[in-house]
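First residue of the sequence shown: 4, per the numbering used here; consecutive thereafter.
Note that the Cβ used here is the ideal one computed from N, Cα and C, for glycine as well.
Only one structure is covered here, and it is reproduced in the block below.
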Amino acid sequence: MKVEGTFTIDAEREKVWDMLMSPDTLAGCIPGCESFEPVDDDTYNVKMRVGVAAVRGNYTGSVSIADRQHLESYRMVVQGRGRGGSVRGEGLLTFTDIEDGTQVGVVGDAQVTGVVARVGQRLMGNASRMLMNQFFNCLKSKIEG
Numbered sequence: 004m005k006v007e008g009t010f011t012i013d014a015e016r017e018k019v020w021d022m023l024m025s026p027d028t029l030a031g032c033i034p035g036c037e038s039f040e041p042v043d044d045d046t047y048n049v050k051m052r053v054g055v056a057a058v059r060g061n062y063t064g065s066v067s068i069a070d071r072q073h074l075e076s077y078r079m080v081v082q083g084r085g086r087g088g089s090v091r092g093e094g095l096l097t098f099t100d101i102e103d104g105t106q107v108g109v110v111g112d113a114q115v116t117g118v119v120a121r122v123g124q125r126l127m128g129n130a131s132r133m134l135m136n137q138f139f140n141c142l143k144s145k146i147e148g
């Protein structure tokens with residue numbers, strides 16, 4: 004499943020970058036995040052409670068930052084497993100200066116298996132957009148608020 008989005012944040016690129024590199028910001032803005040523990044500088048173990056439609060569950064997994072190009076782009080890799088199945092996703096985040104601040108572009112792909120994939124297949128696109136919007140709205144409020 005493809006995931007794409009563009010988000011405008013009223014702040015300089017360096018501030019947006021720094022917030023997205025902050026474990027506290029990530030932990031506070033990832034929807035359903037219950038635990039966000041560092042493994043090393045670029046990898047975190049996570050525990051989340053998320054749901055798609057009527058399928059809800061607890062997931063454990065990891066979030067990693069890779070291919071970091073300072074203030075330009077990085078790749079985020081997310082893996083998780085729970086009773087309802089598993090998810091693996093990868094997204095490229097790009098940062099561009101615009102007149103009113105910074106534009107963050109996201110292009111990615113996700114694979115979901117198990118009950119969530121079977122029951123929520125039709126809803127997965129909408130659910131991924133909703134979760135991505137929640138994340139970036141949280142980020143925006145932390146930066147602009």
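Item, Value
"Do Gly-117 and Ser-89 have their beta-carbon atoms positioned less than 8 Å apart in this structure?", "yes"
"Please look up how many angstroms separate the CB atoms of Phe-138 and Pro-34, rounded, as I've assumed it's under 8 Å.", "6 Å"
"Shortest alpha-carbon distance to Gly-104 belongs to which of Ile-146, Thr-11, Gly-85?", "Thr-11"
"When the Cα of Glu-17 is compared with those of Phe-39, Asn-140, Ile-101, which residue comes out closest?", "Ile-101"
"Do Val-6 and Gly-94 have their beta-carbon atoms positioned less than 8 Å apart in this structure?", "yes"
"In or out: Ser-131 buried (at least 16 other Cβ within 10 Å) or exposed?", "buried"
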